[in-house]
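Trainee: Here the sequence shown is numbered in the numbering used here, starting from 88 and rising by one per residue.
Following this message is one structure expressed as structure tokens.
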Amino acid sequence: MRRPTLRTRTAVATALIALGAALLTPAAAAAGADVPVPLPVADYCGQQCSDILPPGQSGNATLAQILAHKVFGTMPAHTSDQLTRYDSLVAGYPALTDAKVNDFFNDASFGVPSGQVESTTSPRSDVTITRDKKSGVPHIKGTTRYGTSFGAGYAAAQDRLWQMDLFRHVGRGDLTPFAGGALANQGLEQQFWPQAPYTEADLQAQVDRIRTTEGERGRIAMEDSQAYIDGINAYRVQSKNGRYFPGEYVLTGHIDSVTNAGEIQPFKLTDLIALASVVGGLFGGGGGGEVQAALSLLSAQQTYGLEEGTRVWESFREREDPEAVLTVHDGTRFPYAQKPASPQGRALPDAGSVTAEPLVYDRTGSAATAAAADPPKPVKQSMSNALLVSGAKTASGHPVAVFGPQTGYLAPQLLMLQELQGPGISARGASFAGVSMYVQLGRGQDYAWSATSAGQDITDSFAVELCEPGGGAPTKASTSYLYRGTCTPMEKLEHTNAWKSSVADPTPNGSYRMQVWRTHYGIVTHRAAVAGKPVAYTALRSTYRHEADSIIGFQMLNDPSYVKDARSFQEAAQHIGYAFNWFYADSREAAYYNSGSNPVRAAGVDAALPVLGERQYEWQGFDPAANTADYTPPAEHPQSIGQDYYISWNNKQAKDYSAAGFGMGSVHRGDLIDQRVAPLVAAGGVTRAELTQAMADAAVTDLRAENLLPELLAVLRGQPATDPAVSAAIDTLAAWQASGAERKETAPGSKRYAHADAIRIMDAWWPLLVEAEFKPGLGAPLYDALRASLSVDEAPNAGHGPTGAHAGSAFQYGWWSYADKDLRTVLGRPVSGPLARAYCGGGSLAACRDAMTATLKQAAAATPAAVYPADGTCAAGNQWCADAIVQRPVGGLAHPQINWQNRPTYQQVVEFPAHR
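Here is the structure:
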């Protein structure tokens, strides 16, 4: 049979598009390009508020638009129009001035100026949605509170209907039946559902709890949420009937493109809880990992003995490293989750007894393949940065802020921009699609706020003793446990998911069953033996069963009558249960507050390790019915008003606020911005452009080269290199470090790095040098156990790292601090809080030099193809592409790769010149 020619295929595609266009073109919005929309009176930013959120505002595409994109590469309006501005800052930041900020950002002023109106829509008589020409952002103005929230839901559906539908299924654990059995879909539901498994009754109970226990604000929040849902559903019905709904519904088999048969399922309030659990699980958690920490502690004790092994482990744990960069750097202490002097109730497993709890059972079809046994899973994101300078140190005398969350890069983005103006609501900024009844990060009339993931310890691991209801001998497989002395059955929660092949996802048919066991102490994660008795390890998160309680805090942040200054901002942030660092700027003050439902632990409990599931070791005031407990009071959370400057890149918050995981030590990516902001502040006269430059310069800098390469070169240059290849590599690395250690193109669009050889050598060398430095001294078992708690590397191209490849975020997780402290020890330099032992060369500088030299020679010989293997996006050896950011498609549209930047996805640049 003769294959169709390109011309034939194009003709067929064109016909399909023409058919689709007849059926699936959105109804035209009301004309309004020349209708001025008056600016709100209450905007005190004076056009000095800016924001950006790539790739673009629009995230919906009809079937016709998707087909046109596949064939001709066209894009619906505002789908990708913020991507180039975002990308171009990499080349443009050195020449940035305040006047040029909006060459790279949107003007985030309230309202739409005359002549800039693209469309107006009034889905109800009490709300108008106006979109601007430049970016298509919805400016929602309501005359009633219901209308305002309805408009927010309607606009969200206009921009993100498919994505919202997708992620409510992620939260509910039934993504594959909805979107297909692709490995990525399997990974998503397998990652998120076990973190927040709920029945429908559980979800409804959370809605009811907010409505009935949070006072007037709780009642209003649920009314706003219902209006928001009503707005989503109004657009859902209209777009379905008008045949301009997202084309993915056709491609996944939910709606027939010819007859329009099929349905987009109505949204309901419980969907908001499911969506909130995904957002909170990604960005607002903290702690956990205690079982793996226990395994590395045991390995250290087995290697060195009980006392010395514990000392070695504690030095790697870095709970309170004196050299760690801090957000509150004025010396104020906020004790939390510290190591107790005499730990009580520790539940360390017997050697070799730990097994992970299975999640997936009864695989059939494509679910039974080898690849499906370990699908790719997203990991908890601990990202985002903030740079703020108080007015005393700025050119204008007003605080300046450059801040935003790193939420990864999806197409469309998880976040969406909007402006909300209505009774009790006045804000513009970003919100997570599907829960955007309020602005979650943005600006008010005379203030702006943002957040970074804090990650403090709000999740604990309990070892519950297993039992048999009839009194028989329990085993590790038992499904009952002792709760306050009574043998209590675990609750089994399960989902059976089956999928069929579709045009969008040709993965063959398959199915499996996901199953978790729930106890009063949380979800079972592992089984083991403790002192010979079978136990189940559980994970209990303080925000479990409270996925949407933080809505009260967001409502306050949007309310101009509530937030009037830094203190009232902090009071609003206190109502957010997830673990975030919140930052604030108005014309007078910059401020900071760390939010989170921090449980008050029993005396003597070590939060870093598993604890016995017994009443005396429970959280104080613990009630399992709704998972409530006593929480540390607001005054004990890290906070500050008026400090000279603030930086945060998910680093340690303050002194004595114990790190919840490994890696909060002497070298952290927070240093990249602290090392740039501190000199600016010391000089004074900081401007918006200068603070943005500091962020942008840090965003293209290799942490290893800036902070560790000087020490590595000091080791290597202690004696002349006798091998020409090693000598050349040293000179190449030194030249890169001296030039700024940046990963930037030689010229815009060249897609080739300056100092490409140095970057290749460092990327190849770092894993080799860390292993050569530490593995001989630690021994393979302990080295591997510690690597399981903290990965060695997270370079931009490190697909093996926690955030995966092409994700932008880099240098958060790695052995930077360990190498720094160890190398300084070997070099004889001062170290505060050193590791328990010297590792490189066994403490011998000469032996350390030999190890570094050998690994450097090996790295220098590594070819680009070996260092940067093909990955489905890039050809082998393509260094720039290996780093490049990819907007991962969540629907039918794809976007071009952009330069690597270690930068917030949504970002604001703000400086308020006036206040109410």
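Ideal Cβ placement from N, Cα and C applies to all residues, glycine included.
Leaving out the 5 sequence neighbours to the left and right, which residues in its chain are closer than 7 Å to Val996 when beta-carbon positions are compared?
Mentor: Result list for Val996: Ser137, Val188, Phe192, Val489, Arg775 and Thr779, in chain order.
Trainee: Across the stretch 404-422 and the stretch 741-756, are there enough close Cβ pairs to call them in contact, namely three or more that are closer than 8 Å?
Mentor: Yes, the stretch 404-422 is in contact with the stretch 741-756.
Trainee: According to DSSP, is Ser904 part of a helix, a strand, or is it coil?
Mentor: Looking at Ser904 - three-state DSSP - the assignment turns out to be helix.
Trainee: Please report the straight-line C-alpha distance between Met524 and Pro720, rounded to a whole angstrom.
Mentor: Rounded to the nearest angstrom, the two C-alpha atoms are 28 Å apart.
Trainee: Return the residue from the list Arg702, Val802, Gly836 and Val603 that minimises the CA-CA distance to Glu46.
Mentor: Only positions 88 to 1003 of the chain appear in this structure, which leaves residue 46 out of reach.
Trainee: Where in the stretch 781-850 do unbroken runs of the beta strand (DSSP E), each at least 3 residues long, occur, reported from the N-terminal end onward?
Mentor: Correct list: empty.
Trainee: Using 7 Å as the threshold, is the C-beta distance between Ser540 and Ser471 below it?
Mentor: Yes.
Trainee: Who are the near neighbours of Gly143 in its chain, counting only those whose CB is closer than 6 Å to its CB and skipping five residues on each side?
Mentor: Only His165, Thr166, Ser167, Asp168 and Gln169 meet the Cβ criterion.
Trainee: Pick helix, strand or coil for Ser236, following the three-state DSSP scheme.
Mentor: Correct three-state label for Ser236: helix.
Trainee: For the structure I just gave you, are there three or more beta carbon pairs, one from the stretch 367-381 and one from the stretch 628-642, closer than 8 Å?
Mentor: Flag = yes, the stretch 367-381 and the stretch 628-642 touch.
Trainee: Would Lys944 and Leu922 be called neighbours here (beta carbons separated by less than 7 Å)?
Mentor: No, these two residues do not count as a Cβ contact at 7 Å.
Trainee: Per the DSSP calculation, Gln602 is bridged to which residue(s)?
Mentor: Bridge partners of Gln602: Glu581.
Trainee: For the putative contact between Ser567 and Thr339, defined by C-beta atoms under 8 Å, what is the C-beta separation to the nearest angstrom?
Mentor: No, Ser567 and Thr339 are not in contact; Cβ-Cβ is about 41 Å, not under 8 Å.
Trainee: Quick test of your reading: Gly133 and Pro991, contact by CB under 8 Å. State the CB separation rounded to the nearest angstrom.
Mentor: Not really, about 23 Å apart at Cβ, beyond 8 Å.
Trainee: Identify which residue in Glu301, Ser364, Val415 and Gly240 has its Cα closest to the Cα of Pro353.
Mentor: The candidate whose alpha carbon is nearest that of Pro353 is Gly240.
Trainee: For the putative contact between Gly334 and Gly979, defined by C-beta atoms under 8 Å, what is the C-beta separation to the nearest angstrom?
Mentor: That pair is a contact at about 6 Å.
Trainee: What's the gap between the Cα of Ala116 and the Cα of Val787?
Mentor: Note that Ala116 scores a pLDDT of 39, beneath 50, so its modelled location is shaky and nothing firm can be said.
Trainee: Using the three-state DSSP reduction, which class does Asn472 fall into: helix, strand or coil?
Mentor: DSSP places Asn472 in strand when its eight states are reduced to three.
Trainee: Thinking C-beta only, is Ala828 closer than 7 Å to Asp789?
Mentor: Yes; because the gap between Cβ atoms is below 7 Å, this pair is in contact.
Trainee: In this structure, what does DSSP give as the bridge partners for Val412?
Mentor: DSSP output for Val412 lists no bridge partner at all.
Trainee: Go ahead and pull the three-state DSSP assignment for Ser386.
Mentor: Correct three-state label for Ser386: helix.
Trainee: Look at the Cβ atom of Gly35, then the Cβ atom of Gln250, and state whether they are nearer than 7 Å.
Mentor: Since the first residue shown for the chain is 88 and the last is 1003, residue 35 is missing from the structure and cannot be characterised.
Trainee: If Tyr679 and Tyr534 are in contact, beta carbons under 8 Å, what's the gap, nearest whole angstrom?
Mentor: Tyr679 to Tyr534, Cβ: 14 Å. No contact.
Trainee: Count the other CB atoms, across all protein chains shown, that sit within 10 Å of the CB of Val399; report buried if there are 16 or more and exposed otherwise.
Mentor: The residue in question, Val399, is buried, as its Cβ has 16 or more Cβ neighbours within 10 Å.
Trainee: Find the nearest neighbour of Arg961 within the set Gln984, Ala946 and Pro811, judged by alpha-carbon distance.
Mentor: Strictly speaking, residue 961 in this sequence is Cys, with Arg absent from that position. Taking only the C-alpha atoms, the option nearest Cys961 is Gln984.
Trainee: Helix, strand or coil for Ser931 per DSSP?
Mentor: Ser931 falls in the coil class under three-state DSSP.
Trainee: Within this structure, are the beta carbons of Trp706 and Pro725 separated by less than 7 Å?
Mentor: Contact flag unset, no.
Trainee: Since I believe Pro264 is in contact with Ala242 (beta carbons under 8 Å), could you give me their beta-carbon distance rounded to a whole number of angstroms?
Mentor: In fact, because the Cβ distance is near 29 Å, the residues do not count as touching under 8 Å.
Trainee: Note down the Cα distance separating Glu401 from Gly929, rounded to an integer number of angstroms.
Mentor: Spanning the two alpha carbons is a distance of roughly 19 Å.
Trainee: Under 8 Å: do the stretch 850-859 and the stretch 871-882 share three or more Cβ pairs, one atom per stretch?
Mentor: Taking 8 Å as the limit for Cβ pairs, the verdict is that the stretch 871-882 does touch the stretch 850-859.
Trainee: Please say whether Leu497 and Arg975 have beta carbons closer to each other than 7 Å?
Mentor: Against a cut-off of 7 Å, the Cβ pair of Leu497 and Arg975 comes out as a contact.
Trainee: What I want to know is whether the C-beta of Lys587 ends up closer than 6 Å to one or more non-hydrogen atoms of the ligand HEM.
Mentor: In the structure on display, the ligand HEM does not appear, and there are no ligands present to speak of.
Trainee: According to DSSP, which residues form a beta bridge with Ser540?
Mentor: DSSP output for Ser540 lists Phe667 as bridge partner(s).
Trainee: Quick check: what's the CA-CA separation for Ala48 versus Ala363?
Mentor: Past the boundaries of the shown model lies residue 48; the chain is included only from 88 to 1003, so the question cannot be answered.
Trainee: Just list the residues that DSSP pairs Gln726 with in beta bridges.
Mentor: Gln726 is bridged to Tyr680.
Trainee: Applying the 10 Å Cβ sphere with the 16-neighbour rule, what's the burial state of Val617?
Mentor: Its Cβ being crowded by 16 or more others within 10 Å, Val617 is buried.
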